[in-house]
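Report on the following structure.
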Amino acid sequence: MRNLYTCTIEIKPFCIFLQQQKDFINNLNISHFTFTKHLNKGTYYLGKYLFTRKPELTAKIKDISILDLALQLEKDRIKFNKNKPLNSLSRSVLLIDANNNTKLFFSLGKCIKYLRKKGLSATQTLVKYINTGKVYHGYIYKYV
Numbered sequence: 000m001r002n003l004y005t006c007t008i009e010i011k012p013f014c015i016f017l018q019q020q021k022d023f024i025n026n027l028n029i030s031h032f033t034f035t036k037h038l039n040k041g042t043y044y045l046g047k048y049l050f051t052r053k054p055e056l057t058a059k060i061k062d063i064s065i066l067d068l069a070l071q072l073e074k075d076r077i078k079f080n081k082n083k084p085l086n087s088l089s090r091s092v093l094l095i096d097a098n099n100n101t102k103l104f105f106s107l108g109k110c111i112k113y114l115r116k117k118g119l120s121a122t123q124t125l126v127k128y129i130n131t132g133k134v135y136h137g138y139i140y141k142y143v
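No gaps in the numbering here: position 33 of the sequence shown is 32 in numbering that gives the first Met the number 0, and each next residue is one more.
Now the structure itself:
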């Protein structure tokens, strides 16, 4: 297993460490092709994030959760891709269970897929529950 890092080039650069490539791809909603391209070429993703197998010596290791990094990447994608249309299905959905555990989906479609995989129905009723604060199938749903 080879270590992977992502670093930013902002005023206060920081480094995030994850052990597996699939963690970047699955948890941060980055396509395999895009991730591999930036990792191999050493180019910046969204003009800001560097993926590398070695930590950047000038960067500080920052203790940031995967959820917080995913939300930051989503905001940066919107800024970076501001000329691309953003439709309602591309809005991120956050699920919160009874134990306050969260799961982030980068589209309503991915959220529906997840619920159906768990054997739960996901219909128009689900859409009506988003941002109401009411529980549906054991989760509270929010657009982020």
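All C-beta atoms, glycine included, are put in the ideal place defined by N, C-alpha and C. Bear in mind that the values here come from a model prediction, so they are computed numbers and not experimental data.
Query raised in the report: Taking the Cβ atom as the reference point for each residue, do residue 93 and residue 103 lie within a distance shorter than 8 Å?
Result: yes
Report task. Assign residue 183 to buried or exposed, taking buried as 16 or more other Cβ atoms, counted over all protein chains shown, within 10 Å of its Cβ. Result -> Look at the range of the chain in this structure, 0 to 143, and you will see that residue 183 is not part of it.
Requested in this report: State the CB to CB distance for the pair residue 43 and residue 90, rounded to an integer number of angstroms; the pair is presumed to be in contact (CB under 8 Å).
Outcome: Contact flag wrong, Cβ pair sits at about 26 Å.
Query raised in the report: What's the C-alpha gap between residue 133 and residue 63?
Result: 29 Å
Report task. Can you give me the Cβ contacts of residue 29 inside the same chain, cut-off strictly under 8 Å, excluding the 5 residues immediately before and after it? Result -> 23, 44 and 72
Query - Exposure label - residue 121; buried when at least 16 CB within 10 Å - result: buried
Report task. State yes or no: is the C-beta of residue 128 within less than 8 Å of the C-beta of residue 113? Result -> no
Query raised in the report: So, helix, strand or coil for residue 65, using DSSP?
Result: helix
Report task. Taking only the alpha-carbon atoms, compute the straight-line gap between residue 116 and residue 125 and give it to the nearest angstrom. Result -> 15 Å
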